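Beneath this line is the structure, given in structure tokens, with notes to follow.
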Amino acid sequence: MASIDAISRNLMLDSLKEYAKRRIPFDLIRELDEKNEFPADILKEMYDPEILGVHLLMIPEEYGGISGGTFDIYRVCEALARIDLGIATGVFATFLGTDPLNVGGTEEQKDKWLRRIATEKLLVAYAATEADAGSDLINLRTRAEHVVKNGKIAGYLISGNKQWISNGGVADMYTVLAMAPGGPSWFIVERDMEGFSPNKHEDKHGIRLSNTAGLSLDNVYVPAENLIGMEEGKGLLQAQAVFGYTRVMVAAFGLGAGAEAMEHAIRYSQQRIQAGTPLCDKQGYTHKLIVPNYVHMEAARSYIEYTSLRLDGGEHGLQTEGAIAKYSASEWGNKAADDAIQALGGYGYTKDFPVEKIKRDIKITCIYEGTSEVLEMTIYRGRWQEHLKSRGKYYLDMADQLDQLHAKVPGVGAHASALALRALGAVLEECRVQKLTRHQHVTFKLGRLIAAAEVAACFSRAAAEDKYSETVRFDKQGWQAMARVMAREAALNTAMEGLALVLGAADTAGDLSDAVNIEAVQAEQKGMIADMDIVAAKLKQTFKAK
Amino acid sequence: MNIVVCVKQVPDTTEVKINPETGTLIRAGVPSIINPYDHFALQAALELKKKHNFKVTLVSMGPPQAKSVVQLGMALGADEGILLSDMAFAGSDTWATSYALAKAIKKIGKVDMIFTGMQAIDGDTAQTGPGVAQQLGMAQITFCEHLEVDGRRIIARKLIDGGHELVEARPPVLLTMIMHKDYVPVYPSFLSVNASLKKPFHVWNAADIGAEEQYLGLKGSPTQVDRIYPPPQREKAAMFSGSGSEGAEKIMQIMKQEHFLD
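Written as structure tokens, this is what we have:
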């Protein structure tokens, strides 16, 4: 997937931000949030090719779009999340709903539907989830039965119920997953088709500007030409093909909303004076509530960009990478938003300040497009295979690469990242030898350790680059200090938690405490506080109080 | 008519901080934007284009990434863009910049109107626009807020102390624009940004515009910046609300407290 040039991309982002500044001020967002109201007019404007046309990123140029790549879409998703995650979800639902067409549609289908989405400001919804079919789509109950005319399949009668569908009550067009005689398949359903009706709009904890509703399909007749790909049974493959990519988008939501909450806190902390000095100058405040969270946000950013660029370079799937990106950004974004409330104290707990809403909104990023627990399993499964295939060398080789990097660029925490990867390799091997992955808890926890160590390694690599990505707002001194903080933490957690995990599941940990090299990991902690001081100072300088 | 709009990319000064020790700007992580006055000037030119079907060409001088402001203008409707980019231009003051811009505008050919912003928010000199007019031997109207064109008559409403002045000119003329509600900047749609990539865009260096090196860059700049420093911070003012007499009473109280009335 090609991407747009940096200048054009940033002009588009400027247009989006200016639109939001003018049209969607916080007071309006707050009012809509209270009323649980979907701003249809705003979404229509955002889809209007004359005004913004954000959805055109998803549509190839030959059908009237602008052929955005993953990196472009990540940037726009981050910007949307900084505006409002509910609005972002409304846009995302169209992206998602368009995906089965992009992936599996025939030339005629793309020409017809993608062109209509591009020009007619169609809101789209992606309807897969059911009461008994969430992450596990095998239990799909919605049925599509053949309607035969003159010996040919003329169409389908679709019946069933969908739930928690973003844009469910407001979309013009739906891509619906149903069990056809040949297997799970995607169908295009239009809002005005007979037998189709959306249910009530859910009253949600957060993202209240996003419409979420169930769908009832009661013998909805859909012509055969609306079967995406004109072939039954391809639905699950078509859904899975884009998980790497769609999870990068939700990762960008976690990053955008989490970083936005943090930046509110950083600006606030410069004005709030307690005991004679501003909060931003107190380690008890910054090194607990701000620095670790922002470091993880930037680390997740480096991983999101790494995955995006690989997808844009033509690689397919990248399901494990997409899962790591989303898991890291959403879990840490959620924590960052929680700590932002704490950082604003009483103000943070009121609805007058945006962090309260961000905290409610961001929780969804740990749930939709694969819950954090499903992702822990996905990450574990993907990398466990690599560990076995490489006979335990997967992380040891990666650690060697990081140590080579450390020899060249010593200031980016590459050695600490290498320690984390080596410890991880040792823990995985001990789990294999002692057959500990029979415990589900072990596998999920491994997923978590894998994500942390890989993200730390990725951050070390990114911080060692000569020229940073257009998104990095810090100088080398600042970003490298962040990478070191991240790597030290990853080394410590992988070694200690990995060891504890094995000890908790087995009678003995064998030589694991030597293999995870606790001593070296502890020695590596030297300089942590000085680095956190640097990060705190850079954050204050970059996000100065308004 | 042919219109040239001069635009400049500037750091978003609301985000810029000065390092108090070195006296230099901390530019790391500070976003670049189009000079806001230039955005109004661009909007004014595009309004005339819409009404009278004039041709609008953009000219900017800066490093390669300054293409951004030129492309923004093209996405909003300008026909063509030119970026003057050459290490020889680096460090130019307002005189050397006016010289280079004037050379480029001469190369463009017949130009009837030139628009610039009143000033740029990074240097705040308000000299470059008038400098270009001077270099080209062209009439100029500064601080314009609204324009009408009627055949060959250009009528500008300009801001003066305590009121407005209507000034009429015949082309060619250079106009510097202030920020006024008649030309509130707009931003392009994603599609227009994408389409602007297909419009003619040229990068010219010093040789392309026939500029002599001795008049460019630091060497060609009669003025040099000696020092940049933040003004000393003023103490916060106390604000009172309420009726006039209540306010007056409070002020009297404070003046007594502070012994102004002893």
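Just so you know, the sequences run in chain order A and B.
Each residue of the first sequence is one higher than the one before, counting from 674 in the numbering used here.
Each residue of the second sequence is one higher than the one before, counting from 805 in the numbering used here.
Backbone N, C-alpha and C define an ideal beta-carbon position, used for all residues, glycine too.
Since the structure is predicted, the reported quantities are computational estimates derived from the model, not experimental observations.
- prompt: Would a C-beta distance cut-off of 9 Å place F919(B) and V988(B) closer than the cut-off?
  reply: Within the second sequence, residue 919(B) is the residue found at index 115, counting from 1. Within the second sequence, residue 988(B) is the residue found at index 184, counting from 1. Taking C-beta atoms as the reference points, F919(B) and V988(B) fail to come closer than 9 Å.
task: Evaluate G887(A) with the Cβ neighbour count: other Cβ atoms within 10 Å of its Cβ, from every protein chain shown; 16 or more gives buried, anything less gives exposed.
output: Looking up residue 887(A) in the first sequence gives position 214. Under the 10 Å beta carbon count, G887(A) is surrounded by 16 or more other beta carbons and is classified as buried.
- prompt: If contact means a Cβ-Cβ distance below 7 Å, which residues of the region 1134-1150 of chain A contact chain B?
  reply: R1146, F1147 and D1148
- prompt: Does V997(B) come within less than 9 Å of chain A when only Cβ atoms are used?
  reply: The sequence position of residue 997(B) within the second sequence is 193, counting from 1. Yes - at least one Cβ of chain A is within 9 Å of the one on V997(B).
query: Among Q911(A), G1120(A), H1088(A) and Q1077(A), which has the Cα closest to the Cα of A998(A)?
result: Working through the first sequence from its first residue, we reach residue 998(A) at position 325. Answer by Cα proximity: G1120(A).
- prompt: Where does the unbroken beta strand (DSSP E) through M852(A) begin, and where does it stop?
  reply: Position 179 of the first sequence, counted from the start, is the residue given in the question as residue 852(A). Counting along the chain, the beta strand (DSSP E) containing M852(A) begins and ends at M846 to A853.
Beta strand (DSSP E) runs contained entirely in the region 770-800 of chain A, provided each spans 3 or more residues: 797-800
field: Under 8 Å (Cβ pairs) to chain B, residues found in the region 828-844 of chain A
entry: none
message: Once DSSP output is grouped into helix, strand and coil, what is the label at A924(B)?
response: For the purposes of this step, residue 924(B) is identified with residue 120 of the second sequence, where counting begins at 1. A924(B) falls in the coil class under three-state DSSP.
task: Leaving aside the five residues before and after P1004(B) along the sequence, list all residues of the same chain whose C-beta is less than 8 Å from its C-beta, in chain order.
output: On the second sequence, position 200 is the one that residue 1004(B) refers to. Excluding five sequence positions before and after P1004(B), the CB atoms of its chain that fall closer than 8 Å to its own CB belong to D883, E884 and G885, given in chain order.
Three-state class that DSSP yields for L830(A) in the structure shown: Walking along the first sequence from the start, residue 830(A) turns up at place 157. The answer is strand: DSSP assigns L830(A) an E or B state.
message: Taking only three categories from DSSP, how would you classify I830(B)?
response: Here the question's residue 830(B) lines up with position 26 in the second sequence. If DSSP states are grouped into helix, strand and coil, I830(B) belongs with the strands.
field: Residue environment, G967(B), which counts as buried when at least 16 other CB atoms sit within 10 Å
entry: Within the second sequence, the letter at position 163 stands for residue 967(B). The residue in question, G967(B), is exposed, as its Cβ has fewer than 16 Cβ neighbours within 10 Å.
message: Considering Cα atoms alone, identify which of Y841(B), P815(B) and S836(B) is closest to K985(B).
response: In the second sequence, residue 985(B) corresponds to position 181, counting from 1. Nearest option by C-alpha distance: Y841(B).
message: I want to see whether chain B comes within less than 9 Å of V727(A), judged by CB atoms only; does it?
response: Along the first sequence, read from residue 1 onward, the residue named residue 727(A) stands at position 54. It does; some Cβ of chain B falls within 9 Å.
- prompt: Nearest to Y967(A) by CA position, among D1180(A), L730(A) and V1158(A), is which residue?
  reply: The residue labelled residue 967(A) in the question sits at position 294 within the first sequence. The candidate whose alpha carbon is nearest that of Y967(A) is V1158(A).
- prompt: Are the C-beta atoms of T685(A) and some chain B residue less than 9 Å apart?
  reply: Taking the first sequence and counting its residues from 1, the one referred to as residue 685(A) is at position 12. It is worth fixing the name first, because residue 685(A) is Met in this sequence and not Thr. Chain B contact via Cβ: present.
- request: Have a look at V1100(A), E818(A), G841(A) and G856(A) and flag the residue whose alpha-carbon is nearest the alpha-carbon of L1069(A).
  value: Position 396 of the first sequence, counting from 1, holds the residue named residue 1069(A). Closest by alpha carbon: V1100(A).
task: Check the DSSP bridge columns for A1010(A) and list the partner residues they point to.
output: Translated into the one-based positions of the first sequence, residue 1010(A) becomes position 337. Note: A1010(A) sits in no beta bridge, so no partner.
task: Count the other CB atoms, across all protein chains shown, that sit within 10 Å of the CB of H989(A); report buried if there are 16 or more and exposed otherwise.
output: In the first sequence, the residue the question calls residue 989(A) occupies position 316. So H989(A) counts as exposed.
task: Residues of the region 1039-1069 of chain A with a CB closer than 8 Å to any CB of chain B: list them in chain order, please.
output: none
task: Could you pull out every residue in the same chain whose Cβ sits closer than 8 Å to the Cβ of L951(A), ignoring the five residues on either side in sequence?
output: Working through the first sequence from its first residue, we reach residue 951(A) at position 278. Correcting the residue type first, residue 951(A) is Pro in the shown sequence and not Leu. Result list for P951(A): S942, Q943, Q944 and R945, in chain order.
- prompt: With 16 other CB atoms within 10 Å as the buried threshold, where does R1064(A) fall?
  reply: Walking along the first sequence from the start, residue 1064(A) turns up at place 391. R1064(A) comes out exposed.
- prompt: In whole angstroms, what separates the C-alpha of A849(B) from that of R696(A)?
  reply: As a position in the second sequence, residue 849(B) is number 45, starting the count at 1. As a position in the first sequence, residue 696(A) is number 23, starting the count at 1. When the Cα atoms are used, A849(B) and R696(A) turn out to be separated by approximately 25 Å.
message: Please classify D687(A) as buried or exposed, where buried requires at least 16 other C-beta atoms within 10 Å of its C-beta.
response: Against the first sequence, residue 687(A) aligns to sequence position 14. It counts as buried.
task: Kindly indicate if chain B contains any beta-carbon less than 9 Å away from that of Q956(A).
output: Start at 1 with the first residue of the first sequence, and residue 956(A) comes out as number 283. It does not; no Cβ of chain B falls within 9 Å.
- request: Apply the 10 Å Cβ neighbour rule to T815(A) and answer buried if 16 or more other Cβ atoms are within range, or exposed otherwise.
  value: Your numbering for residue 815(A) matches position 142 in the first sequence. It counts as buried.
query: Between which two residues does the alpha helix (DSSP H) carrying E683(A) extend?
result: Counting from one through the first sequence, the residue named residue 683(A) turns up at place 10. A quick correction: the sequence has Asn, not Glu, at residue 683(A). Looking at the DSSP string, the run of the alpha helix (DSSP H) that includes N683(A) is A679 to R696.
message: If we define contact as Cβ-Cβ less than 9 Å, is K914(B) a contact residue for chain E?
response: Protein chains in the displayed structure are A and B, and chain E is not among them.
field: Residues of the region 735-746 of chain A whose Cβ lies closer than 9 Å to any Cβ of chain B, in chain order
entry: G737, G738, I739, S740 and G741
message: Does A906(B) come out as helix, strand or coil in the three-state DSSP assignment?
response: For the purposes of this step, residue 906(B) is taken as residue 102 along the second sequence, with counting starting at 1. Three-state result, A906(B): helix.
task: Take the Cβ of G941(B) as the centre, count every other Cβ of all protein chains shown within 10 Å, and call the residue buried at 16 or more, exposed below.
output: Taking the first residue of the second sequence as position 1, residue 941(B) is located at position 137. When all chains shown are included, G941(B) counts as exposed.
- prompt: What residues in its chain sit with their C-beta under 7 Å from that of F916(A), if we drop five residues either side in the sequence?
  reply: Counting from 1 along the first sequence, the entry for residue 916(A) is found at position 243. Cβ neighbours of F916(A) beyond the five flanking positions: Q992 and G995.
task: Return the chain-ordered ranges of every alpha helix (DSSP H) run that is complete within the region 1021-1065 of chain B and spans a minimum of 4 residues.
output: 1048-1061
message: If I measure Cβ to Cβ from K1217(A) and keep anything under 8 Å in the same chain, skipping five residues before and after, which residues do I get?
response: For this step, residue 1217(A) is matched to residue 544 along the first sequence. Answer for K1217(A): R940 and Q943, listed in chain order.
message: Taking the alpha carbon of I880(A) as the reference point, which residue from S870(A), A930(A) and K835(A) has its own alpha carbon closest?
response: Within the first sequence, numbered from 1, the residue matching residue 880(A) stands at position 207. The shortest C-alpha separation from I880(A) is found at A930(A).
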